[in-house]
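Those sequence lines, one after another, are chains A and B.
Residue numbers in the first sequence follow the working numbering, run continuously in steps of one, and reach 119 at the last position.
Residue numbers in the second sequence follow the working numbering, run continuously in steps of one, and reach 119 at the last position.
Before any comments, here is the structure.
2 protein chains.
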Amino acid sequence: MSDDLRRVTELDRLIHEPARLLIVTILSTVESADFLFLQRESGLTKGNLSAHLSKLEDAGYVKIQKTFKGKLPLTVCKLTAAGTEAVAQYRQQMQSFMNLTTK
Amino acid sequence: MSDDLRRVTELDRLIHEPARLLIVTILSTVESADFLFLQRESGLTKGNLSAHLSKLEDAGYVKIQKTFKGKLPLTVCKLTAAGTEAVAQYRQQMQSFMNLTTK
DNA sequence: TAAACTAGTTTGCAGTATAAACTAGTTTAC
DNA sequence: GTAAACTAGTTTATACTGCAAACTAGTTTA
């Protein structure tokens with residue numbers, strides 16, 4: 017009876033975490049973003065952002081390129097195809113869930 | 017600029033957890049529900065359900081009444097006014113977030 | 001009266017989010 | 001020239017969490 021409702025427990029926890037949901041959402045609005053841009057936009061601390069980015073990278077959702085801007089390190093992040101797909105699916109599942117009880 | 021987006025990190029974590037989101041959503045569709053009904057509907061294990069209910073109770077979101085059905089214990093759960101309000105707010109916040117990028 | 005069942009709760013463990021502390025290098029001040 | 005402050009991150013420590021297995025307390029069945 018509440019089989020549809022139950023699917024809420026199948027949400028991708030990697031995306032579900034608010035800090036990461038924020039990060040991937042920001043990333044989905046730009047072609048790519050460097051670390052400091054993400055930090056400013058998200059308001060997360062460096063440590064926190066770094067840890068979340070590593071998880072997203074491990075999951076294959078974000079590609080991280082380390083280069084240099086002049087002599088300073090520059091970390092550029094970009095959603096992968098898998099990441100884009102995961103975000104789309106998450107949004108679809110969450111919206112479906114919301115629609116089940118909103119009306 | 018992404019101030020609106022950032023609010024996603026302010027979501028009530030107590031409600032955000034999928035298992036609890038499921039529980040409170042089920043509770044919001046009924047006047048009250050006993051433990052076994054919730055277990056069947058949610059598909060959660062007893063231990064898990066018990067632990068989540070305790071958290072919701074501690075938060076004041078769910079009222080738990082322990083009685084007996086004949087000689088067997090019966091645990092009846094019910095959303096409190098605060099719980100109903102918290103769920104409504106969560107839904108509103110999550111929907112706002114979704115609307116920011118879905119469009 | 002022993003075995004199986006009911007209705008839960010507690011415990012143990014593995015995983016998590018977070019900020020503080022750290023690393024490695026660069027620029028500025030004196 | 002070298003000490004202090006800054007940049008751009010990563011690692012570590014801690015406190016919290018979700019989860020199922022093990023347990024509790026009582027009841028019914030054999």
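All C-beta atoms, glycine included, are put in the ideal place defined by N, C-alpha and C.
- [ ] Residues of the stretch 30-43 of chain A with a CB closer than 8 Å to any CB of chain B: list them in chain order, please.
- [x] Result list: H32, P34, A35, L37, L38, T41, I42.
Discussion item. Please report the straight-line C-alpha distance between A/N64 and B/L65, rounded to a whole angstrom.
Written reply: 30 Å
With 8 Å as the threshold, decide whether the Cβ of B/T117 is near any Cβ in chain A.
-> yes
Can you pull the chain B neighbours of A/E57, defined as C-beta to C-beta under 9 Å? M17, S18, L21, R22
Span of the alpha helix (DSSP H) holding B/V103?
97-117
(message) If you measure between the beta carbons of B/T3 and B/D50, is that distance less than 8 Å?
(response) This structure gives no information on residue 3 of chain B, because the portion of chain B shown stretches from 17 to 119.
Quick one: does A/Q105 have its CB under 8 Å from some CB of chain B? no
Contacts of B/L65 in chain A (Cβ-Cβ under 7 Å):
Going along chain A, no residue has its Cβ under 7 Å from B/L65, so there is no contact; the nearest lies around 12 Å.
I'd like to know if the stretch 23-38 of chain A and the stretch 91-109 of chain A are in contact, where contact means that at least 3 CB-CB pairs between them fall below 8 Å.
yes
Checklist entry - With DSSP run on the structure shown, which of helix, strand or coil describes A/L88? => result strand
Below 7 Å CB to CB, which residues in the same chain sit around A/L38 once its five sequence neighbours on both sides are set aside?
For A/L38, same chain residues with a beta-carbon under 7 Å away, outside a window of 5 residues either side, are S58 in chain order.
- Where the alpha helix (DSSP H) through A/R56 begins and ends: 51-58
Review point. From B/T45 to A/R22, what does the alpha carbon distance come to, in whole angstroms?
Key: 14 Å
Give a yes or no on whether the C-beta atoms belonging to B/L72 and B/G99 are separated by under 8 Å. yes
By Cβ distance, which residues of its chain are closer than 6 Å to A/D20, with the 5 residues on each side in sequence left out? Contacts found: L116.
Q) Taking the C-alpha atoms as reference points, what is the distance between A/Y77 and A/K94? A) Approximately 9 Å, taken between the alpha carbons.
Bridge partners of B/T83, per DSSP? DSSP lists B/L90 as the bridge partner or partners of B/T83.
Fill in: Distance, A/A97 Cα to A/Q81 Cα
16 Å
A/T45 at chain B interface by Cβ criterion, 8 Å
yes
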